[in-house]
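Numbered continuously in our numbering, the sequence shown closes out at residue 174. In this text, a Cβ means the ideal position worked out from N, Cα and C, and glycines have one as well. Quick notes on the structure that follows.
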Amino acid sequence: MISLNTQDNQIAVTVMGQFTLDDYRELEQAVCYGIQFQGKVNLLFDLRDMLSYSVDVAWEELKFSREHKN
């Protein structure tokens, strides 16, 4: 589960428990929205309560990183 807090061009992400593909897609949507309307987006991750993530999340992150190199 994730919690997103957006202010201007900053997105604060708190991950609690397992970081799932649905969570990643929610984050990806917020980042793409921020890029579209703010230009660059700053991300702040709080992973203290994250227990694990699924392999499909890692794969999606790889794909997203390649598509958005800047």
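N-terminal and C-terminal residue of the alpha helix (DSSP H) that residue i is part of
i, result
"Val161", "159-171"
"Val135", "125-142"
Expected contact under 8 Å - CB spacing of residue i and residue j to nearest Å
i, j, result
"Gln122", "Ser158", "7 Å"
"Met120", "Asp160", "Contact doesn't hold; Cβ gap of about 19 Å is too wide."
"Asn113", "Gly138", "6 Å"
Boundaries (first-last residue) of the beta strand (DSSP E) holding residue i
i, result
"Asn109", "106-111"
Bridge partner(s) assigned by DSSP for residue i
i, result
"Val119", "Ile106"
"Leu148", "Ala116"
Close beta carbons around residue i, own chain, < 7 Å, minus the five adjacent residues each side
i, result
"Leu125", "Ser158, Asp160, Val161, Glu164"
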